[in-house]
Ligand code: SF4
Ligand code: SF4
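In this note's numbering, the protein residues as written are 40 to 359.
Structural data, given as structure tokens:
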């Protein structure tokens, strides 16, 4: 696989600094029941990396000490970690909003029959990838049969109250483009998704988040091997909107890997681009007594993926 990091420092992305920390995004393990072609963490059923009990204890302590507002749990399939439910319960017990980055099909796996109820009981927000409402496109990206299982899982979530405007159980879906193009306008696509999923499958959800493809990892490697990297970077830079800089997610979020090391965001984690700290890795435990507000964020040219057009973050478009 080609590495794009050495090529991501030519376009001079503007300097940005951190605001107050609100969200801790934690990758608790790389094991997944799926093995998607586009997976940017190379998760699969064969991966064994899981956050240890000691690191989970650091995460819990950090959440409470720093009075973090939102815990955003990701993986792999985070629900496969044996301590997933304990972590959720701990956070909810401290009145922390919890997001589960759910691949949907995990809800249909053996032994997961009560997962939807557990998530609903704890009012966990679900953010789930559904890159298209057409089965062929989803199965091509995520594996044969994934669309059908995803529909089954969405029905399960609706049946316990997720996805309706009048409940507090939030179910958001995620779209990203198939290739080297910016996502379409988020609200227009959301309306189409809602109409199709309701008419064909009687499924309802709250919001659609459109995300820009980042020129890193497998997608970045594909851009290099197909000689599209320069054109894509030009598109991102020409579409840059300065006002999006105010709201990029790294302003208020840090991302923690399964070993407890900290990055400015999930993308920087995938690039192994450490916090601005003389190039050294920083463990979450080292930040327990440190105020990072006002510190510089480690930016490179991939950051134009967050500021191009309507903007892009783990919560979708910045200016839908
Ligand atoms: S479901 Fe998500 S974590 Fe699992 S392989 Fe697919 S993209 Fe990766
Ligand atoms: S890629 Fe990460 S560091 Fe760069 S702007 Fe986006 S969130 Fe911030």
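All C-beta atoms, glycine included, are put in the ideal place defined by N, C-alpha and C.
Local Cβ density within 10 Å of residue i, reported as buried at 16 or more and exposed below that
i	result
residue 305	buried
residue 275	buried
residue 104	exposed
residue 176	exposed
residue 265	exposed
residue 84	exposed
residue 281	exposed
Cβ-heavy atom distance, residue i to ligand 1, below 7 Å
i	result
residue 74	yes
residue 131	no
residue 114	yes
residue 71	yes
residue 82	yes
residue 211	no
residue 181	yes
Whole-number beta carbon distance between residue j and residue i, since they are thought to touch under 8 Å
i	j	result
residue 60	residue 332	7 Å
residue 140	residue 183	About 22 Å; that fails the 8 Å criterion.
residue 95	residue 126	6 Å
residue 50	residue 272	6 Å
residue 133	residue 90	Not really, about 18 Å apart at Cβ, beyond 8 Å.
residue 228	residue 286	Contact doesn't hold; Cβ gap of about 20 Å is too wide.
residue 344	residue 253	5 Å
residue 210	residue 245	6 Å
residue 268	residue 46	7 Å
residue 208	residue 167	That belief does not hold up - the Cβ atoms of residue 208 and residue 167 are roughly 13 Å apart, past 8 Å.
residue 323	residue 299	5 Å
Distance cut-off 7 Å: residue i Cβ against heavy atoms of ligand 2
i	result
residue 175	no
residue 303	yes
residue 309	no
residue 272	no
residue 306	yes
residue 341	yes
In DSSP terms, what residue i is bridged to
i	result
residue 358	None, per the DSSP bridge assignment.
Exercise for the section: Entirely within the segment 129-187 and at least 3 residues each: give me those beta strand (DSSP E) ranges in chain order. Expected result: 136-141 and 164-168
Exercise for the section: With a floor of 3 residues, list each beta strand (DSSP E) that falls wholly inside the segment 184-241, ordered by position along the chain. Expected result: 210-214
Problem - Whole alpha helix (DSSP H) elements within the segment 55-118, 4-residue minimum - result: Segments of the alpha helix (DSSP H) lying fully in the segment 55-118: 92-104.
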